[in-house]
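*Asks:* So the sequences go chain by chain: A and B.
Residue 807 is where the first sequence starts when you use the numbering used here, and the numbers rise one by one after that.
Residue 16 is where the second sequence starts when you use the numbering used here, and the numbers rise one by one after that.
Beta carbons are placed, not taken as given, at the ideal position from N, Cα and C, and that holds for glycine.
Note that the structure is predicted; figures quoted are calculated from it, not measured.
Have a look at this one before I ask anything.
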Amino acid sequence: MLDLFGIMFSSVIMLMVIIRAVQLDRVQPWFQKVKREDAPVSVEKQVWRRTSL
Amino acid sequence: MLRSLWLLFVYMAFLGLGVSAPFVATLGYVWVDTFQPQAVSYILLSQLPVAMIMGIAAVGGYILVDRRSPPPLTLQSVLQVMMAIWVTATLVWAQAPDAAWEKWDWAFKTIAFAAFMPLVIRSRVQIEAFAQTYVFSLAANFVTFGVKVLISGGGYGRNLGLEAGNSGLSEGGLLSTSCLMAIPLAIFLASHSQLLPKFKLMPLAYWGIAGLALATAIGTYERSALVGLIVLALYMWTRTKHKIGFGIVVVITACLVIFSTSHAWNARVDSITNFEQENSAYVRILVWKWTLGFVASHPLGGGFASYLVNHIEIPATSTSAGAVEFGRAFHSIYFEVLGEQGYPGLFMFLLLAGSTFLMLRRLAKKARPYPELKWVIGLSDALQSGLAVFLTSGAFVGIAFQPMFWYFISMSICLNAYVWRVERAGAQVVTGWRAMALAPARHYPPVAEVPGWRQRGPGTQSPNAPLG
C-alpha cells in the first residue's frame with residue numbers, strides 16, 4: 807500500500823508539473839531580457855566615438 | 016494490477032503530451048530511465064521496450080517539430096559525444112564481450128541521450144521541468160523507502176524500495192547516492208519553482224521530500240552515503256548565503272541522525288576506520304590494486320565489465336583463512352572507468368566532471384549582477400553540490416554510467432546554454448554552431464523575443480525550414 811502511495815504521489819505531482827510546464831512554455835517567452843548597464847568607457851574612447859564618423 | 020494500470024496511464028500521458036509539446040517526451044525518457052516503470056509494473060509496460068519508444072518519440076519530436084535555437088557547442092557536449100564513441104570503441108577489445116555488450120546497451124543510451132537533451136531543454140520552464148521530473152522520478156522510490164526507514168529504522172541489505180533484487184535503485188549504494196544528489200535539487204525547487212502553485216506550505220513540502228531522501232540515504236546503511244552526506248553538508252554550507260542558519264540546520268540534523276540511528280548503523284559506519292578487518296572494504300582495495308596492474312598492461316581499458324576477468328587473492332588473517340575470489344566489481348567510479356575505458360576514458364570522465372564544475376561556478380558568477388537570473392545561481396549551486404556528492408560518494412560505488420551523473424551534466428549544459436542565449440538577447444546574432452556552420456550570413460530574431468515553440472511571430476520562419 808505504501809509502495810502504491812509513493813508511486814501515485816510522485817507521478818501525480820510530476821504530471822501536474824508537466825502540464826503546467828506545457829502551459830507556461832506556450833505563453834512565456836523562452837528567454838528573459840536582463841537589464842544591462844553599459845560597460846564603462848574610457849575618456850579617449852568617448853572622444854573617439856564623438857569624433858569618428 | 017492497479018499499480019500497473021496507473022503506470023501505463025502515466026506513460027501514455029507522457030507520450031500524449033509529447034505530441035503536443037516535444038520536450039515532454041524527453042522528460043518522459045528521464046522518467047523511464049530513472050524510475051524504470053517496466054521494473055515495477057506487472058503487465059504491458061514490463062513487456063514493451065518502453066525506453067526505446069519514448070526515446071524515438073523524443074528524438075522524432077525534436078527533428079520533426081521543434082528544431083530551433085540550438086545550444087552553443089561546449090567542451091562538455093563534445094566530451095559527452097566523445098565518451099559515447101569511446102565506450103563503443105572499447106567493445107572491440109572487451110575482455111568479457113557478452114557482458115560488455117549487455118552493459119553497453121544501457122550505458123551508451125544514457126550517455127547518448129544525455130548528449131541529446133540540451134538540444135531540447137532550452138527555456139527556464141523546460142529546465143525546471145527537467146529538474147522536477149528527475150526529483151519526482153526518484154521520489155517514487157525514496158518517499159516509500161524513507162517512510163519505511165522512519166518507521167522501522169532500515170538496515171544494510173534490507174530492500175525497502177519498490178524494486179526487488181540487488182540491481183538498479185534496489186542497490187543501496189546507487190539509491191543512497193541518487194537520493195543525496197536529489198536533496199540540493201529539491202531545496203532549489205523549494206525557493207525557485209515556477210511550476211507548482213505558490214502555496215505557503217509548498218517550500219515545506221520540498222524540504223519534506225529532501226528529508227525523506229536523507230532518511231533513505233541513511234537507512235541504506237551504506238558507508239558511502241555517510242561520506243556523501245558530509246560532503247553535501249560542507250559543500251552546501253560553502254555555497255549558501257545564510258551560513259549561520261544553514262549551519263544550525265546541519266548541526267541539528269547531525270544530532271538527530273546520531274541519536275536516532277541504531278547501534279547497527281553506528282557499527283556499520285565504524286567499519287570505515289578498521290577496513291582490514293572488514294572483508295568488503297578490504298576486497299575493494301585489493302580490486303583497485305588489481306585494476307592499476309590491469310591498466311598497466313591494458314592502457315586502453317578492458318571494455319565494459321572487464322572486472323569479470325579479475326581474481327583477487329585475499330591473504331589469511333588471524334580470524335579467517337585466505338581465499339581467492341573471481342570477478343569482484345570495481346566499487347568505485349574512478350576505477351570502474353579506468354578498468355573499463357582505460358586512461359583515455361578516465362581522462363575524458365575527469366575532464367567532463369572538472370570542466371562542468373568550473374562552468375557552473377562561472378555561470379553563478381556571471382548571473383550574480385542580475386536579479387532576473389537569481390534562479391540560475393540557485394540551480395548552479397544545487398548542481399555543484401549534487402556533483403560533489405557523486406564524485407566523493409561514487410569513489411566507493413561503481414555507478415559511473417548510471418543516469419544521474421550524465422543528467423546532472425546535461426542540466427548544467429542546458430543552464431549554460433540558457434545564460435548564453437540571455438547574453439545574446441536583444442542582439443542580432445546567429446544562434447548556434449549549426450546555423451553558423453551552415454548559414455553564416457543568416458540572421459535570426461533576437462532570442463529574447465522568441466515566444467514558446469508554438470507561437471511563432473509574424474514573419475518568423477518555421478524552425479525546421481532548411482538552413483542557408
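Determine contact between the stretch 249-261 of chain B and the stretch 300-307 of chain B, defined as no fewer than three beta-carbon pairs at a distance below 8 Å.
*Replies:* Verdict: no, contact absent.
*Asks:* Using a Cβ-Cβ cut-off of 8 Å, state whether V828(A) counts as contacting chain B.
*Replies:* Your numbering for residue 828(A) matches position 22 in the first sequence. At least one chain B Cβ lies under 8 Å of V828(A).
*Asks:* State the Cα-Cα distance for the pair G75(B) and N325(B), rounded to the nearest angstrom.
*Replies:* Position 60 of the second sequence holds residue 75(B). Position 310 of the second sequence holds residue 325(B). Approximately 42 Å, taken between the alpha carbons.
*Asks:* Please give me, in chain order, every unbroken run of the beta strand (DSSP E) with length at least 3 that falls completely inside the stretch 347-426 of chain B.
*Replies:* Correct list: empty.
*Asks:* Is DSSP giving V339(B) helix, strand or coil here?
*Replies:* Along the second sequence, one-based indexing puts residue 339(B) at 324. If DSSP states are grouped into helix, strand and coil, V339(B) belongs with the strands.
*Asks:* For a contact meaning CB atoms closer than 7 Å, what does K163(B) contact in chain A?
*Replies:* Against the second sequence, residue 163(B) aligns to sequence position 148. Near K163(B) (Cβ distances below 7 Å), the residues of chain A are L808.
*Asks:* Would F420(B) and F405(B) qualify as a contact pair, given that the criterion is a beta-carbon distance under 8 Å?
*Replies:* As a position in the second sequence, residue 420(B) is number 405, starting the count at 1. As a position in the second sequence, residue 405(B) is number 390, starting the count at 1. Yes, the Cβ-Cβ distance between F420(B) and F405(B) is below 8 Å.
*Asks:* Between the beta-carbon of A344(B) and the beta-carbon of Y250(B), is there less than 8 Å?
*Replies:* Locating residue 344(B) in the second sequence gives position 329, counting from the first residue. Locating residue 250(B) in the second sequence gives position 235, counting from the first residue. Not a contact, by the Cβ cut-off of 8 Å.
*Asks:* Kindly list the residues whose CB is nearer than 6 Å to the CB of A240(B), restricted to its own chain and excluding five residues on each side of it in sequence; keep chain order.
*Replies:* Stepping through the second sequence from its first residue, residue 240(B) is reached at position 225. Excluding positions up to five away in sequence, the list reads S191 and A232.
*Asks:* In terms of residues, what are the limits of the alpha helix (DSSP H) holding I824(A)?
*Replies:* Position 18 of the first sequence, counting from 1, holds the residue named residue 824(A). Note, I824(A): alpha helix (DSSP H), L808 to V833.
*Asks:* Determine which residues share a DSSP beta bridge with I245(B) and list them.
*Replies:* Here residue 245(B) corresponds to residue number 230 of the second sequence, with the count starting at 1. I245(B) is not bridged to any residue.
*Asks:* Among the residues of its own chain, which have a CB less than 8 Å from the CB of G360(B), if the five just before and after it don't count?
*Replies:* If you number the second sequence from 1, residue 360(B) lands on position 345. So the qualifying residues of the chain are M98, W101, V102, T105, G316, V352 and L353.
*Asks:* Could you tell me the alpha carbon to alpha carbon distance between S312(B) and C194(B), rounded to whole angstroms?
*Replies:* In the second sequence, the residue the question calls residue 312(B) occupies position 297. In the second sequence, the residue the question calls residue 194(B) occupies position 179. When rounded, the distance between both Cα atoms is 37 Å.
*Asks:* When you compare each of L378(B), S321(B), W46(B) and S335(B) to W108(B) by their alpha carbons, which one comes out closest?
*Replies:* In the second sequence, counting from the first residue as 1, residue 108(B) sits at position 93. When only C-alpha atoms are compared, the closest one is S321(B).
*Asks:* Strictly below 8 Å CB to CB, what residues from chain A border W46(B)?
*Replies:* To locate residue 46(B), count along the second sequence from 1; it is residue 31. In chain order: M820.
*Asks:* Using beta-carbon positions only, say whether V828(A) and L32(B) come within less than 8 Å of one another.
*Replies:* By 1-based counting over the first sequence, the position of residue 828(A) is 22. By 1-based counting over the second sequence, the position of residue 32(B) is 17. Cβ atoms of V828(A) and L32(B): closer than 8 Å.
*Asks:* What separation, rounded to the nearest whole angstrom, lies between the Cα atoms of L388(B) and Y433(B)?
*Replies:* Indexing the second sequence from 1 puts residue 388(B) at position 373. Indexing the second sequence from 1 puts residue 433(B) at position 418. Taking the straight line from one Cα to the other gives about 10 Å.
*Asks:* In whole angstroms, what separates the C-alpha of E186(B) from that of S816(A)?
*Replies:* Locating residue 186(B) in the second sequence gives position 171, counting from the first residue. Locating residue 816(A) in the first sequence gives position 10, counting from the first residue. Taking the straight line joining both Cα atoms gives about 20 Å.
*Asks:* Assuming L394(B) contacts F203(B) under a Cβ cut-off of 8 Å, what Cβ separation, rounded to an integer in Å, is found between them?
*Replies:* Within the second sequence, the letter at position 379 stands for residue 394(B). Within the second sequence, the letter at position 188 stands for residue 203(B). L394(B) to F203(B), Cβ: 6 Å. Contact.
*Asks:* Need the endpoints of the beta strand (DSSP E) that H326(B) sits in, please.
*Replies:* Position 311 of the second sequence, counted from the first residue, corresponds to residue 326(B). Start and end: H326 to I329.
*Asks:* What in chain A is Cβ-close to L184(B), meaning under 9 Å?
*Replies:* Walking along the second sequence from the start, residue 184(B) turns up at place 169. Chain A residues near L184(B): none, gap ~12 Å exceeds 9 Å.
*Asks:* Take R439(B) as the anchor and find which of S84(B), I224(B) and G357(B) has the nearest alpha-carbon.
*Replies:* Position 424 of the second sequence, counting from 1, holds the residue named residue 439(B). Ranking the options by Cα distance to R439(B), first place goes to S84(B).
*Asks:* From the DSSP output, in three-state form, read off P314(B) for me.
*Replies:* The residue you call residue 314(B) lines up with position 299 of the second sequence. Reduced to three states, the DSSP call for P314(B) is coil.
*Asks:* Please report the distance separating the alpha-carbon of F212(B) from that of A54(B).
*Replies:* Taking the second sequence and counting its residues from 1, the one referred to as residue 212(B) is at position 197. Taking the second sequence and counting its residues from 1, the one referred to as residue 54(B) is at position 39. Sequence check: residue 212(B) is Pro here, not Phe. Distance between the alpha carbons of P212(B) and A54(B) is about 32 Å.
*Asks:* From S295(B), F261(B), Q51(B) and I245(B), pick the residue whose C-alpha is nearest to that of V272(B); which is it?
*Replies:* Residue mapping note: residue 272(B) aligns to position 257 of the second sequence, counting from 1. Cα-wise, what sits closest to V272(B) is I245(B).
*Asks:* Would you report the Cα separation of R377(B) and Q62(B), rounded to the nearest angstrom?
*Replies:* Mapped onto the second sequence, residue 377(B) falls at position 362. Mapped onto the second sequence, residue 62(B) falls at position 47. Cα-Cα distance, rounded: 45 Å.
*Asks:* By the criterion of Cβ-Cβ separation under 8 Å, what are the contact partners of V39(B) in chain A?
*Replies:* Taking the first residue of the second sequence as 1, we reach residue 39(B) at position 24. The contacting residues are I824, A827 and V828.
*Asks:* Are at least three pairs of beta-carbons, each pair with one atom in the stretch 131-150 of chain B and one in the stretch 210-226 of chain B, less than 8 Å apart?
*Replies:* Enough Cβ pairs lie closer than 8 Å, so yes.
*Asks:* Quick check: the Cα distance between W252(B) and A410(B), rounded to an integer number of angstroms?
*Replies:* One-based indexing of the second sequence puts residue 252(B) at position 237. One-based indexing of the second sequence puts residue 410(B) at position 395. One C-alpha to the other measures close to 22 Å.
*Asks:* Please report the Cβ distance between G337(B) and L200(B), rounded to the nearest whole angstrom; I am assuming they are in contact, meaning their Cβ atoms lie under 8 Å.
*Replies:* What you label residue 337(B) is simply residue 322 of the second sequence in a count that begins at 1. What you label residue 200(B) is simply residue 185 of the second sequence in a count that begins at 1. At roughly 46 Å, the Cβ-Cβ gap does not stay under 8 Å, so G337(B) and L200(B) are not in contact.
*Asks:* To the nearest angstrom, how far is the alpha carbon of Q51(B) from that of A36(B)?
*Replies:* As a working note, residue 51(B) is residue 36 in the second sequence. As a working note, residue 36(B) is residue 21 in the second sequence. Their backbone Cα atoms lie some 22 Å apart in a straight line.
*Asks:* Could you check what DSSP says for E117(B) in three-state terms: helix, strand or coil?
*Replies:* Locating residue 117(B) in the second sequence gives position 102, counting from the first residue. Of the three classes helix, strand and coil, the one that applies to E117(B) here is helix, per DSSP.
*Asks:* Give a yes or no on whether 8 Å exceeds the smallest Cβ distance from W854(A) to chain B.
*Replies:* Counted from its first residue, the first sequence places residue 854(A) at position 48. No, no contact with chain B.
*Asks:* Is there a Cβ of chain A sitting closer than 8 Å to that of A144(B), yes or no?
*Replies:* The sequence position of residue 144(B) within the second sequence is 129, counting from 1. True, the Cβ-Cβ gap to chain A drops below 8 Å.
*Asks:* Counting only C-beta atoms, is W222(B) closer than 8 Å to chain A at any point?
*Replies:* Translated into positions along the second sequence, residue 222(B) becomes position 207. No, its Cβ sits nowhere closer than 8 Å to a Cβ of chain A.
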